[in-house]
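Following: one structure in structure tokens, then a few remarks.
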């Protein structure tokens, strides 16, 4: 008789576990630290996230799995393969940069953000986001998704006495809960039709579903995809994004724009490419249409932002992130048509890494400018070069990367990779839509970039550089420049091991 007791591969699960344990340490430490010592919690969180990211290094050599079925060790609930490691690097690295922004934001908040609760929720969400790409069964996938999402609701509305923050949290909460409910209903239908939750077994059994259960399985597939479309902020499920980003503390808006997207897209890849490849003829065209709609609505929304409107800089970045989500959807849709879906998934991961680095850099500059201009309008960036030349050059570089123009070579490389994935899959019409959207995006990215170098109206404002903010700007700048120098390394690193 085989033993039902399993050994746990602690090294495989170390990255999300370290983040979760440090979150508990912060929660307990908050009880004993005096008010004057509370900033220490932020540095504990930063150190914990750095340690969690370093735990990825021992996992680079080989795929590792744990929590496997006793009768079949090939079917596991947690797998640390190349796909998992790339997303975990994006999640933990992005969370580390957002934590650096948060240290300064909490100091500037005037005690309106409770530090102990903030850091516990932040680390809890990061732990859930790091767990999700390793999930290889639908139950673990949903649990990880909610562990990542639920603390984020509270973080958005955590600022005391701010009605805008409370409204943003409510919109985010209602839309996300609706998405979760739809996903759970879809997953329950898939489970009823296949009798399993493990992704590889779902892929095998859903092809031979009993005739009476075919409609149930098809409905489950559709509902599951709709739920994840909410999480990725795909049109028409994007309506919560601008108000949520504006109402949230700026580091949390940055966190949602990168880590929130990484969670949604990694979940979408696992459900479509791994669990439901036999339904590619259904989900691939749907995702292609969603990609076209999302990039178009996002870029047009960003184009319509008025530079003098309050919080227009954050709103523009929010609409831009919707447009970028459309580009990220293209290779996933292409995977349903391609002979080599792994290559298409690699294109999504390459684009996500580029987007994460430069978008967090743009939010870091927005955090810096926001210290001098509370309304954070695009117009407030006029003459930034006169006040802070290096910051203006970095912001211009980040915007050109997002636009896909030199010297932002990594942005151009990522867009060409996504474009090639669409063409190789025979989605010529989607490649044309993407090309048109890239041109639309050039208008608002270049308009903002030009504003940085124009003569300031009146005396140039001084921008107070805090050490954590400087570190975040330096890290994103160095990363962007290094990747632009050797963009092929990104694609080589993002070769997945999903199949």
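Numbering (our numbering), first residue to last: -18 to 480.
Beta carbons are placed, not taken as given, at the ideal position from N, Cα and C, and that holds for glycine.
In angstroms with no decimal places, state the Cα-to-Cα distance between residue i and residue j.
i: residue 58; j: residue 180; result: 9 Å
i: residue -10; j: residue 251; result: 22 Å
i: residue 563; j: residue 226; result: Examination of residue 563 is not possible in this model, given that the chain is present from -18 through 480 alone.
i: residue 409; j: residue 403; result: 7 Å
i: residue 278; j: residue 11; result: 43 Å
i: residue -12; j: residue 50; result: 12 Å
i: residue 91; j: residue 0; result: 27 Å
i: residue 316; j: residue 70; result: 23 Å
i: residue 268; j: residue 68; result: 21 Å
i: residue 465; j: residue 141; result: 41 Å
i: residue 55; j: residue 182; result: 10 Å
i: residue 80; j: residue 271; result: 32 Å
i: residue 292; j: residue 187; result: 48 Å
i: residue -18; j: residue 208; result: For residue -18, the predicted model reports a pLDDT of 42, less than 50, meaning its position is unreliable and no value from the coordinates is stated.
i: residue 308; j: residue 446; result: 33 Å
i: residue 191; j: residue 201; result: 15 Å
i: residue 170; j: residue 203; result: 10 Å
i: residue 28; j: residue 74; result: 12 Å
i: residue 337; j: residue 306; result: 12 Å
i: residue -6; j: residue 3; result: 14 Å
i: residue 219; j: residue 303; result: 7 Å
i: residue 335; j: residue 462; result: 11 Å
i: residue 348; j: residue -2; result: 30 Å
i: residue 102; j: residue 216; result: 28 Å
i: residue 173; j: residue 53; result: 21 Å
i: residue 77; j: residue 379; result: 19 Å
Near residue i, what residues of its chain come up, given a Cβ to Cβ distance below 8 Å and the 5 sequence neighbours on each side ignored?
i: residue 44; result: 60, 61, 62, 63 and 478
i: residue 176; result: 186
i: residue 165; result: 123 and 208
Excluding sequence positions up to five away, which residues of its chain have a Cβ less than 7 Å from the Cβ of residue i?
i: residue 100; result: 7, 22, 23 and 26
i: residue 433; result: 362, 365, 366, 373, 376 and 377
i: residue 284; result: 421, 424 and 425
i: residue 39; result: -8
i: residue 468; result: 390, 391 and 394
i: residue 460; result: 338
Using a Cβ-Cβ cut-off of 6 Å (strictly less than) and excluding sequence neighbours within five positions of residue i, which residues of its own chain qualify?
i: residue 480; result: Confidence at residue 480 is low in this model, with a pLDDT of 48, below 50, so the placement of that residue should be treated as unreliable; the coordinate-derived value is given next. For residue 480, where only same-chain residues beyond five positions count, the Cβ hits under 6 Å are 323.
i: residue 106; result: 129, 132 and 133
i: residue 118; result: 58, 178 and 179
i: residue 46; result: 57 and 60
i: residue 344; result: 235
i: residue 448; result: none
Does DSSP put residue i in a helix, a strand or coil?
i: residue 292; result: coil
i: residue 118; result: strand
i: residue 319; result: coil
i: residue 414; result: helix
i: residue 376; result: helix
i: residue 485; result: The structure shown does not extend to residue 485, since the chain is modelled only from -18 through 480, so no value can be given for it.
i: residue 436; result: coil
i: residue 312; result: helix
i: residue 53; result: coil
i: residue -17; result: Reliability fails at residue -17, whose pLDDT of 48 lies under 50, so the model's placement of it is uncertain and no value is given.
i: residue 134; result: helix
i: residue 91; result: coil
i: residue 189; result: helix
Kindly indicate the opening and closing residues of the beta strand (DSSP E) around residue i.
i: residue 59; result: 57 to 61
i: residue 238; result: First-last for residue 238: undefined, no H or E at that position.
i: residue 45; result: 45 to 49
Could you tell me the boundaries of the alpha helix (DSSP H) in which residue i lies?
i: residue 337; result: 322 to 353
i: residue 276; result: 261 to 284
i: residue 180; result: 180 to 186
i: residue 358; result: No alpha helix (DSSP H) holds residue 358; DSSP gives it neither H nor E.
i: residue 212; result: 195 to 212
i: residue 229; result: Residue 229 -> no alpha helix (DSSP H), and no H or E assigned at all.
i: residue 483; result: Here the chain has residues from -18 to 480 only, and residue 483 is not among them.
i: residue 396; result: 390 to 405
i: residue 13; result: -5 to 13
i: residue 466; result: 448 to 466
i: residue 471; result: 469 to 474
i: residue 100; result: 96 to 112
Would the segment 256 to 266 count as touching the segment 289 to 299 if we require 3 or more Cβ pairs under 8 Å? no
Three or more C-beta pairs closer than 8 Å, one from the segment 339 to 357 and one from the segment 416 to 427: is that the case here? Contact between the segment 339 to 357 and the segment 416 to 427 is absent, with fewer than three C-beta pairs closer than 8 Å.
Contact between the segment 355 to 374 and the segment 382 to 398 (3+ Cβ pairs under 8 Å): no
Closer than 8 Å is the cut-off here; do at least three beta carbon pairs connect the segment 320 to 336 with the segment 226 to 235? no
Does the segment 210 to 230 come within contact of the segment 160 to 178, defined as at least 3 CB pairs closer than 8 Å? yes
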